[in-house]
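Protein chains: 2
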Amino acid sequence: MAAMKNKQILLISRPAGSPIMANFRIVDADVPQPGDGEILIRTLYLSVDPYMRGRMSDRKSYVPPFALNEVITGGAIGEVLESRSKAFEPGDIVTGMLGWQLYSVAKETELRKIDPTSAPVTTALGVLGMPGLTAYFGLLDIGQPKDGETIVVSGAAGAVGTIVCQIGKIKGCRVVGVAGNDEKNQYLEHQLWVDETINYKTADVKQALREACPEGVDVYFDNVGGAVSDAVMPLINKGARIILCGQIALYNLEKPDVGPRIQPYLLVNRALMKGFIITDYAARFAEGVGQLGQWLAQGKLKYAENIIEGFENAPQAFLGLFAGENLGKQLVKV
Amino acid sequence: MAAMKNKQILLISRPAGSPIMANFRIVDADVPQPGDGEILIRTLYLSVDPYMRGRMSDRKSYVPPFALNEVITGGAIGEVLESRSKAFEPGDIVTGMLGWQLYSVAKETELRKIDPTSAPVTTALGVLGMPGLTAYFGLLDIGQPKDGETIVVSGAAGAVGTIVCQIGKIKGCRVVGVAGNDEKNQYLEHQLWVDETINYKTADVKQALREACPEGVDVYFDNVGGAVSDAVMPLINKGARIILCGQIALYNLEKPDVGPRIQPYLLVNRALMKGFIITDYAARFAEGVGQLGQWLAQGKLKYAENIIEGFENAPQAFLGLFAGENLGKQLVKV
Numbered sequence: 001m002a003a004m005k006n007k008q009i010l011l012i013s014r015p016a017g018s019p020i021m022a023n024f025r026i027v028d029a030d031v032p033q034p035g036d037g038e039i040l041i042r043t044l045y046l047s048v049d050p051y052m053r054g055r056m057s058d059r060k061s062y063v064p065p066f067a068l069n070e071v072i073t074g075g076a077i078g079e080v081l082e083s084r085s086k087a088f089e090p091g092d093i094v095t096g097m098l099g100w101q102l103y104s105v106a107k108e109t110e111l112r113k114i115d116p117t118s119a120p121v122t123t124a125l126g127v128l129g130m131p132g133l134t135a136y137f138g139l140l141d142i143g144q145p146k147d148g149e150t151i152v153v154s155g156a157a158g159a160v161g162t163i164v165c166q167i168g169k170i171k172g173c174r175v176v177g178v179a180g181n182d183e184k185n186q187y188l189e190h191q192l193w194v195d196e197t198i199n200y201k202t203a204d205v206k207q208a209l210r211e212a213c214p215e216g217v218d219v220y221f222d223n224v225g226g227a228v229s230d231a232v233m234p235l236i237n238k239g240a241r242i243i244l245c246g247q248i249a250l251y252n253l254e255k256p257d258v259g260p261r262i263q264p265y266l267l268v269n270r271a272l273m274k275g276f277i278i279t280d281y282a283a284r285f286a287e288g289v290g291q292l293g294q295w296l297a298q299g300k301l302k303y304a305e306n307i308i309e310g311f312e313n314a315p316q317a318f319l320g321l322f323a324g325e326n327l328g329k330q331l332v333k334v
Numbered sequence: 001m002a003a004m005k006n007k008q009i010l011l012i013s014r015p016a017g018s019p020i021m022a023n024f025r026i027v028d029a030d031v032p033q034p035g036d037g038e039i040l041i042r043t044l045y046l047s048v049d050p051y052m053r054g055r056m057s058d059r060k061s062y063v064p065p066f067a068l069n070e071v072i073t074g075g076a077i078g079e080v081l082e083s084r085s086k087a088f089e090p091g092d093i094v095t096g097m098l099g100w101q102l103y104s105v106a107k108e109t110e111l112r113k114i115d116p117t118s119a120p121v122t123t124a125l126g127v128l129g130m131p132g133l134t135a136y137f138g139l140l141d142i143g144q145p146k147d148g149e150t151i152v153v154s155g156a157a158g159a160v161g162t163i164v165c166q167i168g169k170i171k172g173c174r175v176v177g178v179a180g181n182d183e184k185n186q187y188l189e190h191q192l193w194v195d196e197t198i199n200y201k202t203a204d205v206k207q208a209l210r211e212a213c214p215e216g217v218d219v220y221f222d223n224v225g226g227a228v229s230d231a232v233m234p235l236i237n238k239g240a241r242i243i244l245c246g247q248i249a250l251y252n253l254e255k256p257d258v259g260p261r262i263q264p265y266l267l268v269n270r271a272l273m274k275g276f277i278i279t280d281y282a283a284r285f286a287e288g289v290g291q292l293g294q295w296l297a298q299g300k301l302k303y304a305e306n307i308i309e310g311f312e313n314a315p316q317a318f319l320g321l322f323a324g325e326n327l328g329k330q331l332v333k334v
């Protein structure tokens, strides 16, 4: 143990607008010692997620803000080095909110064991983890897609969006994906069987959506917000369901944005718009993971990962989310 | 019959922005003759409702636009003069979409008989009719108010708003009403037991709402939209429910309005926003009328009516809705 050196990535200042490298600092730290019932873990993969931007600001959100000058917490996968809990033993692969550090200590209730023989361990942070469950419950529970309906997905090539698109196809829907570059759209169309895609950076989004949705929009799974949503709203059908999963287009704005009022569209179409966060569905996670795992085993579900190597590159990987650099789940291999 | 003269009010041009008197014309017409299974009715009261503004435009809404140069249709109460249906007989008081005319003919399936001995007949257009049912199902089914929660009602002194406020109090909630003049607010506070009221024309609405809702907003029943809604959104609580019933502040705008984006508030608070129209609940109308009638009989529910005399004053009464002239249900006595 004496030879091990810990490193941590701290948030040292809150981003004003877009996050920058100077908001983060990598520091040396001691390797923590597990107490009774605790487990020492070596980090293998870090999850890099858009929602973490919200925690970097000092405003009300669904999770409290990160503290300044403390290690950034976030989903991760690790290997158990030492266990003072009967529930885990050295060599176990686990996932939990371990944080951006090489070594961490966690309580047994904060960890979930991963079976590395059933699927690649990284799926625990993607298709079989938070993003997959977010897609599953958001689309099926709030969206209630019916055979033949049209689903529009913003952020379609992201960790959540790629799964939403595929569940939409499994449910027999016409799926229209909106993403930020042509390579992503090629992937969506040719690998994930998405019916139509739109590059919001180069297309006339309103016109392209009208053409891609000749029968209107029944379900809108919104990861992005902003101008893409402005273009979707006039196309919604009677009884449409709009799932608010993320608003990444707005996260780095310093002032609240203005846009066309959406209430008239919701009113006239008796439509529903609902925000959610995945922890609302904690009691049904086993159902979600079970179904996603089954689709994965049956080859009905594919997943994409964008893995950046090197612990110290985590801040850069995080910034890349807002530049739309990732296809699928963004991970950092430690 | 030969002595009877019919008059009709036609929509002769679509309003550009706010409706004006020149959009309407009163014409003489023949008294229609009932065919087999039809009923001839003499109109007693006309209902004047904000939603009718939507039908005057040539845009997509939940009901088709009025045709130009035809009689305006709308809810009304009348007396049966002649019946070629076994379901009705002369002297019966009925309600239906009779239109702005002195005499009309309707099929028996288009009429509902009113018992004039159980409540004043005008209640069939108000507290025991469409506005009451709108308040009842919107607040209870979508809003799901719980004891001790805070409800904000915009358009609180209107036909729907006055009932929403009172049902909120019956359900044990703190009710905050927003209306456009102090007399209305006095009525809400002193007659309907509303906890706090705000005059949106004279108050700093944001500040006033913050003070009136120290524990945030759990349910927002929105009849108005626009700036009042902008002020409510930042105050919504986790799991808030927002009922979109009307957007009268926007009905007369010639271009879609812009405002602060609301999706971030809905997302962060996992809140729900839902539009509805009352006909979605047609299968449950008997339940609603039953409960509203019981509250009325028990003295738990009051209702206000603003009755203008004279058939030819219907257009003026309609314009008055947008000037906020009515306290409670706006009716025209023919």
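Chains A and B, in that order, give the protein sequences.
Numbering (our numbering) for the first sequence: 1 to 334.
Numbering (our numbering) for the second sequence: 1 to 334.
For every residue, glycine included, the Cβ atom is placed at its ideal position computed from N, Cα and C.
Does the beta-carbon of residue i have 16 or more other beta-carbons within 10 angstroms, so that it is buried, or is it exposed?
{"i": "N23 of chain A", "result": "buried"}
{"i": "S118 of chain A", "result": "exposed"}
{"i": "M21 of chain B", "result": "exposed"}
{"i": "D335 of chain B", "result": "Given a span of 1 to 334 for chain B in the structure shown, any question on residue 335 of chain B remains unanswerable."}
{"i": "M97 of chain B", "result": "exposed"}
{"i": "K201 of chain B", "result": "exposed"}
{"i": "M1 of chain A", "result": "Bear in mind that the predicted position of M1 of chain A carries a pLDDT of just 48, short of 50, making it unreliable; the figure below should be weighed with that in mind. It counts as exposed."}
{"i": "R53 of chain A", "result": "buried"}
{"i": "T162 of chain A", "result": "buried"}
{"i": "G290 of chain B", "result": "exposed"}
{"i": "Q191 of chain A", "result": "exposed"}
{"i": "G168 of chain A", "result": "buried"}
{"i": "N69 of chain B", "result": "exposed"}
{"i": "D147 of chain B", "result": "exposed"}
{"i": "M273 of chain B", "result": "buried"}
{"i": "A231 of chain A", "result": "buried"}
{"i": "I39 of chain A", "result": "buried"}
If you run the structure through DSSP and keep just helix, strand and coil, what is residue i?
{"i": "E196 of chain A", "result": "strand"}
{"i": "F221 of chain A", "result": "strand"}
{"i": "F276 of chain A", "result": "coil"}
{"i": "T122 of chain B", "result": "helix"}
{"i": "E149 of chain A", "result": "coil"}
{"i": "Q186 of chain B", "result": "helix"}
{"i": "V205 of chain B", "result": "helix"}
{"i": "A22 of chain A", "result": "helix"}
{"i": "S229 of chain A", "result": "helix"}
{"i": "G155 of chain A", "result": "coil"}
{"i": "I236 of chain B", "result": "strand"}
{"i": "R59 of chain B", "result": "coil"}
{"i": "M1 of chain A", "result": "Confidence at M1 of chain A is low in this model, with a pLDDT of 48, below 50, so its placement is unreliable and no value can be given for it."}
{"i": "T95 of chain A", "result": "strand"}
{"i": "R84 of chain B", "result": "coil"}
{"i": "E325 of chain B", "result": "coil"}
{"i": "V127 of chain B", "result": "coil"}
So residue i is in the alpha helix (DSSP H); what residue range does that whole segment cover?
{"i": "K113 of chain B", "result": "Run containing K113 of chain B: none in the alpha helix (DSSP H); it sits in the beta strand (DSSP E), 112–114."}
{"i": "I167 of chain B", "result": "159–170"}
{"i": "T134 of chain B", "result": "130–137"}
{"i": "Q144 of chain B", "result": "It is not in any alpha helix (DSSP H) - Q144 of chain B carries neither H nor E in the DSSP assignment."}
{"i": "G288 of chain A", "result": "285–297"}
Which residues does DSSP pair with residue i in a beta bridge?
{"i": "Q8 of chain A", "result": "A:V27, A:Q101"}
{"i": "L331 of chain A", "result": "A:S47, A:I307"}
{"i": "R42 of chain A", "result": "A:E79, A:Y103"}
{"i": "I241 of chain A", "result": "Position check: residue 241 of chain A holds Arg in this sequence, whereas Ile was assumed. In the DSSP output, where bridge partners are listed per residue, R241 of chain A has A:V219, A:L272."}
{"i": "I248 of chain A", "result": "Per DSSP, none; premise fails for I248 of chain A."}
{"i": "A179 of chain A", "result": "A:N199"}
{"i": "R210 of chain A", "result": "R210 of chain A pairs with nothing; no bridge assigned."}
{"i": "E70 of chain A", "result": "A:L11"}
{"i": "R174 of chain A", "result": "A:T150"}
If residue i sits next to residue j, beta carbons under 8 angstroms apart, how far is it from one beta carbon to the other, in whole angstroms?
{"i": "A304 of chain B", "j": "L327 of chain B", "result": "5 angstroms"}
{"i": "T43 of chain B", "j": "Y103 of chain B", "result": "7 angstroms"}
{"i": "K113 of chain A", "j": "F311 of chain A", "result": "K113 of chain A to F311 of chain A, Cβ: 23 angstroms. No contact."}
{"i": "I170 of chain B", "j": "K300 of chain B", "result": "6 angstroms"}
{"i": "G75 of chain A", "j": "G129 of chain A", "result": "7 angstroms"}
Along the beta strand (DSSP E) that carries residue i, what are the first and last residues, could you check?
{"i": "P414 of chain A", "result": "Summary: the structure shown does not reach residue 414 of chain A, with chain A confined to residues 1 through 334, and so no result is reported for it."}
Spell out whether any CB of chain D is found under 8 angstroms from the CB atom of residue i.
{"i": "V268 of chain B", "result": "This model lacks chain D altogether; the protein chains it does include are A and B."}
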